[in-house]
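All residue numbers for the sequence shown refer to our numbering, where the first residue is 1 and numbers rise by one.
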Amino acid sequence: MYKDDDSLAFELLPHRNEKSSFMWVYKVIPGLYAAFHQYNSSNCYVFNDMAIARDIIGDSPNPRTILEVNICREGMLRVLFPKRKSFSTLLPNDVSLALTSVSDWARAPIANPDACWNLELPSNRYRGFGLIIDIALVESHSKDLLEPLGIKLSSLIDSYCQNEMLFIMSIDLGIEKAVDTIELHKRNAAIPLLRLGVLELLARIDARAVPKKSLSRPECAFEILRLTSEAKNHAVNHLFTRYTIGDISRKFGMCPTMFKTAFKELYGEPYARFMTRTRMEQASTMLADGELVFSVAEAMGYESPSKFAAAFKRVFGEAPSAYRDRMSMNRNESQACNS
Numbered sequence: 001m002y003k004d005d006d007s008l009a010f011e012l013l014p015h016r017n018e019k020s021s022f023m024w025v026y027k028v029i030p031g032l033y034a035a036f037h038q039y040n041s042s043n044c045y046v047f048n049d050m051a052i053a054r055d056i057i058g059d060s061p062n063p064r065t066i067l068e069v070n071i072c073r074e075g076m077l078r079v080l081f082p083k084r085k086s087f088s089t090l091l092p093n094d095v096s097l098a099l100t101s102v103s104d105w106a107r108a109p110i111a112n113p114d115a116c117w118n119l120e121l122p123s124n125r126y127r128g129f130g131l132i133i134d135i136a137l138v139e140s141h142s143k144d145l146l147e148p149l150g151i152k153l154s155s156l157i158d159s160y161c162q163n164e165m166l167f168i169m170s171i172d173l174g175i176e177k178a179v180d181t182i183e184l185h186k187r188n189a190a191i192p193l194l195r196l197g198v199l200e201l202l203a204r205i206d207a208r209a210v211p212k213k214s215l216s217r218p219e220c221a222f223e224i225l226r227l228t229s230e231a232k233n234h235a236v237n238h239l240f241t242r243y244t245i246g247d248i249s250r251k252f253g254m255c256p257t258m259f260k261t262a263f264k265e266l267y268g269e270p271y272a273r274f275m276t277r278t279r280m281e282q283a284s285t286m287l288a289d290g291e292l293v294f295s296v297a298e299a300m301g302y303e304s305p306s307k308f309a310a311a312f313k314r315v316f317g318e319a320p321s322a323y324r325d326r327m328s329m330n331r332n333e334s335q336a337c338n339s
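In structure tokens:
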């Protein structure tokens, strides 16, 4: 973890050698934090969410009431309620709001204190944005700043969080533009403008017409979720085997139709497409490291290098040999510049 007066950076490393997953957190005003998530991995990741929350808001002997806003931009974000054996899913362009209590290394919705949750990223890629708002701290330090901007935390809580553990709604044009602006300022390291953008986003959420009810997503039974997740992880960790839907579903005691439906619901794309993309991403790493095309094809379970080359080109738009040569040239040029 990296930390300074205005920001925190967490490197999310669910598996060795996967170093492209981060969470950046910026302090907007006392008690209000903006969090950016970027996740790229071949494996499902479950947040150590409580530890991250503690690092952000700090320890306190008393319960802290936190308003959390999450916006899914790419991939999927799943909220698991283990005790209830249920879950909710955020898809791209979904916004969620929840009022939670944080105490004694546990976090649960105010509407249901027994429903402690975990956050899970079930897909290969996730990009999202969130707000973490310590209600008491913001109201004691910045109420006079927020109210002239039309931001009333009490109004947000009354509208979305009184009777819902997690309120999910679709993004509207105003919210989407505000998030686009925030992400642009984050990329350009324009922190003062990022802070203004976050306040604008809060104002837009507060001002929008509240949907009559939270979005409901089709849900699989909790046991099907567990089996499908285990089957996916097994297939990803054994790319050489090239499991078919029938093979992998029977291995985990599921019927193929059930597995096929559950997989697409959980990961947002069909099993075959997901596995092909996963293989090609792993293959691209091996090629960039200088391995020969036929060796990579064999490692990915392809009997024919030509079939591997065709699959690789469909994903990356160029032949694996050309990709390997280009990566080698880039590496040589980088070494020359550094010498």
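Where a beta carbon is used, it is the ideal one built from N, C-alpha and C, also for glycine.
Using three-state DSSP, classify residue i as helix, strand or coil.
i, result
"arginine 208", "coil"
"threonine 100", "strand"
"arginine 195", "helix"
"aspartate 94", "strand"
"histidine 341", "This structure leaves residue 341 out entirely; the chain is present only between 1 and 339."
"isoleucine 72", "Contrary to the premise, residue 72 reads as cysteine rather than isoleucine in this sequence. Looking at cysteine 72 - three-state DSSP - the assignment turns out to be strand."
"methionine 23", "strand"
"phenylalanine 36", "strand"
"glycine 290", "coil"
"leucine 215", "coil"
"serine 304", "coil"
Does the beta-carbon of residue i have 16 or more other beta-carbons within 10 angstroms, so that it is buried, or is it exposed?
i, result
"histidine 37", "buried"
"cysteine 161", "buried"
"leucine 194", "buried"
"proline 211", "exposed"
"lysine 232", "buried"
With a Cβ-Cβ cutoff of 8 Å, do residue i and residue j count as a contact?
i, j, result
"methionine 254", "glutamine 282", "no"
"glutamate 68", "isoleucine 132", "yes"
"leucine 156", "leucine 119", "no"
"valine 413", "alanine 35", "Because residue 413 is not part of the residues shown, which for the chain are 1 to 339, the question remains open."
"alanine 178", "leucine 201", "yes"
"leucine 146", "isoleucine 135", "no"
"aspartate 172", "arginine 125", "no"
"asparagine 93", "serine 159", "no"
Can you give me the C-alpha to C-alpha distance between residue i and residue j, rounded to a whole angstrom?
i, j, result
"arginine 204", "phenylalanine 87", "28 Å"
"glycine 174", "tyrosine 267", "28 Å"
"isoleucine 191", "isoleucine 168", "28 Å"
"tyrosine 243", "threonine 228", "14 Å"
"phenylalanine 81", "methionine 165", "10 Å"
"serine 142", "threonine 181", "23 Å"
"isoleucine 71", "glutamate 176", "9 Å"
"lysine 27", "arginine 64", "17 Å"
"proline 305", "aspartate 325", "17 Å"
"glutamate 333", "glycine 290", "15 Å"
"threonine 285", "leucine 137", "46 Å"
"alanine 262", "isoleucine 224", "7 Å"
Go through the region 111 to 186 residue by residue and report every complete run of the beta strand (DSSP E) that reaches 3 residues or more, in order. Runs of the beta strand (DSSP E) inside the region 111 to 186: 118 to 121, 125 to 134 and 167 to 170.
Going residue by residue through the region 224 to 280, where are the continuous beta strand (DSSP E) segments of at least 3 residues, counting only ones entirely within it? At a cut-off of 3 residues, not a single continuous stretch assigned as beta strand (DSSP E) sits fully inside the region 224 to 280.
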